[in-house]
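Participant: All letters in the sequence shown, in the order written, are residues 39 to 164 by this note's numbering. Note that the Cβ used here is the ideal one computed from N, Cα and C, for glycine as well.
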Amino acid sequence: MKRLFIGLVAVVMSVATGFAQTTNSEKEPFSADINKLSTYLALEANQVDEIADINNLFLQRQQESMQVSPAFQEEMLTQAVYENLQLMKYYLTPEQYRKYVRIINATNSNRQSSGSILPDVYLAEN
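(1) I need the DSSP call for L161, collapsed to helix, strand or coil.
(2) My output table needs one value for S107: the three-state DSSP class, helix, strand or coil.
(3) Counting along the chain, where does the alpha helix (DSSP H) carrying L130 start and finish?
(4) Count the other C-beta atoms from every protein chain shown that fall within 10 angstroms of the C-beta of V139, then say buried if there are 16 or more, exposed otherwise.
(5) Are the segment 113-121 and the segment 83-103 in contact at 8 Å, needing three or more beta carbon pairs?
(6) Where does the unbroken alpha helix (DSSP H) through L79 begin, and where does it stop?
(7) Report buried or exposed for F96, applying the criterion of at least 16 other Cβ atoms within 10 angstroms of its Cβ.
(8) Nearest-angstrom Cα distance between L79 and S147?
(9) Please report the Cβ distance between Y135 and M126, rounded to the nearest whole angstrom; I am assuming they are in contact, meaning their Cβ atoms lie under 8 Å.
(10) Distance, Cα to Cα, T77 vs E88?
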């Protein structure tokens, strides 16, 4: 459990750092294709609507953060990431949540190596 928490903090910090390094013109909302996400995570029928709502909320929070001054953007984006991860952890099983965090971490790493942070869709193609 402690390792999972430390890994989660590392992911959030890397995402927050990535947000801080981009300019407004480079920022794109970080959202997921719910159909691909539900397939990859093997979501049950009752989870799909909740996860779609969480994804929409996360997208809304990111858009709100882009409307404030740059001094507050990093804080708002970090808060949006924490909120997203907390909600996902609540609605996903432990195995689904581990897969979700792996997806975010791998995609963020790939985007950082290509020079931009956080893609439109952050799913592994399987």
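Facilitator: With the structure as the only source:
(1) Bear in mind that a pLDDT of 40 at L161, under 50, signals an unreliable position, so the model cannot answer this.
(2) DSSP places S107 in coil when its eight states are reduced to three.
(3) It is not in any alpha helix (DSSP H) - L130 carries neither H nor E in the DSSP assignment.
(4) buried
(5) As far as the Cβ criterion goes, the segment 113-121 touches the segment 83-103, which means the pair count is three or higher.
(6) First-last of the alpha helix (DSSP H) with L79: I72 to L79.
(7) Under this definition F96 is a buried residue.
(8) 20 Å
(9) So it is a contact: roughly 6 Å between Cβ atoms.
(10) Cα to Cα, T77 sits roughly 15 Å from E88.
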